[in-house]
Each structure stands twice: as C-alpha cells, then as structure tokens.
Amino acid sequence: MFRFDAFPVRLQGEGVSEELRCLSLGVANGKYCGGGFMLAPRAVVDDGLIDVAAIGDFPKVERLLRLPRRALGST
Numbered sequence: 001m002f003r004f005d006a007f008p009v010r011l012q013g014e015g016v017s018e019e020l021r022c023l024s025l026g027v028a029n030g031k032y033c034g035g036g037f038m039l040a041p042r043a044v045v046d047d048g049l050i051d052v053a054a055i056g057d058f059p060k061v062e063r064l065l066r067l068p069r070r071a072l073g074s075t
C-alpha cells in the first residue's frame, strides 16, 4: 500500500468522462471481491450494469486511514 505509485486513468461512459490518478481501479458486478473486500457497495449483481471502483491517489499516511474504511464499504 505504501509502495504503489498512482497511475493515470481516463474513464468514459454514457455522458461521463473523467481523468484521475488512481492507486487501484476495479470493475465489478457485485459488492464484494477477494476475501470479502467490499469493492463496490452499490453494485447489484442482476441490474445489468458494471460498477467501476476507483481508489484515488492519497498521501501515504492517509492511505493507512482510508483503507480499512474502504474495506467496510464506506468512503
């Protein structure tokens, strides 16, 4: 978590275009991934949509504070 460098991302969709720097980018159709990590808390498996979860670039100390909250599904 401390060694990762953020990478540039451009997200485009219907009426949406955004450029940001991310530490992690996930695509999901359900709420959870990898051992119960809540990646996309608003995702619904049968809604026909794909959710994109981007974790932005934060200072290293702030990463330590935010990661546990993200794992529980809060921002």
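The sequence shown begins at 1 in the working numbering and counts up by one.
C-beta: ideal position from N, C-alpha, C; glycine also.
Being a predicted model, the structure only gives us computed values, none of them experimental.
Taking three-plus beta-carbon pairs below 8 Å as touching, is the segment 50 to 63 in contact with the segment 18 to 33?
With the cut-off at 8 Å, the segment 50 to 63 and the segment 18 to 33 touch.
Relative to the C-alpha of Phe7, which residue among Leu67, Phe58 and Leu39 is closest?
In the sequence shown, counting from the first residue as 1, residue 7 sits at position 7. Minimum Cα distance to Phe7 is reached at Phe58.
Given a cut-off of 9 Å, decide if Ala43 and Gly35 are closer than it, judged by their beta-carbon atoms.
The residue given as residue 35 occupies position 35 in the sequence shown. The residue given as residue 43 occupies position 43 in the sequence shown. For Gly35 and Ala43, no; Cβs fall outside 9 Å.
Tell me which residues share the same chain as Phe2 and place their Cβ nearer than 6 Å to its Cβ, disregarding the 5 neighbours each side in the sequence.
Position 2 of the sequence shown holds residue 2. Closer than 6 Å at Cβ, skipping near neighbours: Lys60.
Buried or exposed for Leu39, going by 16 or more other Cβ atoms inside 10 Å?
On the sequence shown, position 39 is the one that residue 39 refers to. Flag for Leu39 reads buried.
CB-CB under 6 Å to Gly26, same chain, minus the five flanking residues each way: which ones, in chain order?
Numbered from its first residue, the sequence shown carries residue 26 at position 26. Hits under 6 Å: Leu39 and Ala53.
Where Phe4 and Arg63 are concerned, what is the direct C-alpha to C-alpha distance, given to the nearest angstrom?
Reading the sequence shown from its first residue, position 4 is the one you call residue 4. Reading the sequence shown from its first residue, position 63 is the one you call residue 63. Phe4 and Arg63: Cα-Cα distance of roughly 11 Å.
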